[in-house]
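In my numbering, the protein residues as written are 97 to 246.
This is how it looks when you write it as structure tokens:
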């Protein structure tokens, strides 16, 4: 499980070091391959970094739906279609593909945030904006936690 939030920098080649806790989880999963793809939270772009085993599970689940179902086609086009497989290098860095860096507005400063079975790579300012909005939504809605049965 990926958890925690970490500030990092992206080097001139588009590589970012993976936090030790995330590397431990990848090692536990015995996953050397990560799929990086587009995602959005609160209308702000970010990138999902999904271990290969979980990405393949998602693809299998999607096959249970009818090929011509609109929701499946939308998810395939946006999420699966933009995914790129990446391996960590010897220094435990992940190369973020240029077109995904551009789409997610990834510059030099990024935030890596755990999201259970994946982690997200954010433009630092966008991350803080979404984090503030999430905090406000969480504490303004007293029933939120009850609805999740937490």
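The C-beta atom is built at its ideal place from N, Cα and C for all residues, glycine as well.
Hey, residue 179 and residue 131: beta-carbon distance below 7 Å or not?
-> Translated into positions along the chain shown, residue 179 becomes position 83. Translated into positions along the chain shown, residue 131 becomes position 35. A contact, by the Cβ cut-off of 7 Å.
Between the CA atoms of residue 135 and residue 168 - distance to the nearest angstrom = Along the chain shown, read from residue 1 onward, the residue named residue 168 stands at position 72. Along the chain shown, read from residue 1 onward, the residue named residue 135 stands at position 39. If I take the Cα positions, the gap works out to 16 Å.
Are the Cβ atoms of residue 98 and residue 121 separated by less than 7 Å?
-> If you number the chain shown from 1, residue 98 lands on position 2. If you number the chain shown from 1, residue 121 lands on position 25. The Cβ atoms of residue 98 and residue 121 lie closer than 7 Å to each other.
Output the boundary residues of the alpha helix (DSSP H) element that contains residue 198.
-> If you number the chain shown from 1, residue 198 lands on position 102. Unbroken alpha helix (DSSP H) run through residue 198: 194 to 199.
Where does residue 205 sit, in a helix, a strand or coil, going by DSSP?
-> Here residue 205 refers to the residue found at position 109 when the chain shown is read from its first residue. In the displayed model, residue 205 falls within a strand according to three-state DSSP.
So residue 103 is in the alpha helix (DSSP H); what residue range does that whole segment cover?
-> Locating residue 103 in the chain shown gives position 7, where the first residue counts as 1. Not the alpha helix (DSSP H): residue 103 falls in the beta strand (DSSP E), residues 101 to 105.
With C-beta atoms as the reference, is residue 133 less than 7 Å away from residue 175?
-> Locating residue 133 in the chain shown gives position 37, where the first residue counts as 1. Locating residue 175 in the chain shown gives position 79, where the first residue counts as 1. Going by C-beta atoms, residue 133 is nearer than 7 Å to residue 175.
Assigned secondary structure, residue 219 (DSSP; H/G/I helix, E/B strand, else coil) = Reading the chain shown from its first residue, position 123 is the one you call residue 219. Residue 219 sits in a strand when the DSSP states are folded into three classes.
Exposed or buried, which one is residue 204 when buried takes at least 16 other CB atoms within 10 Å?
-> Locating residue 204 in the chain shown gives position 108, counting from the first residue. Burial call: exposed.
Just the Cα atoms here: how many angstroms apart are residue 189 and residue 152?
-> Translated into the one-based positions of the chain shown, residue 189 becomes position 93. Translated into the one-based positions of the chain shown, residue 152 becomes position 56. Note on geometry: alpha-carbon atoms of residue 189 and residue 152 lie some 22 Å from one another.
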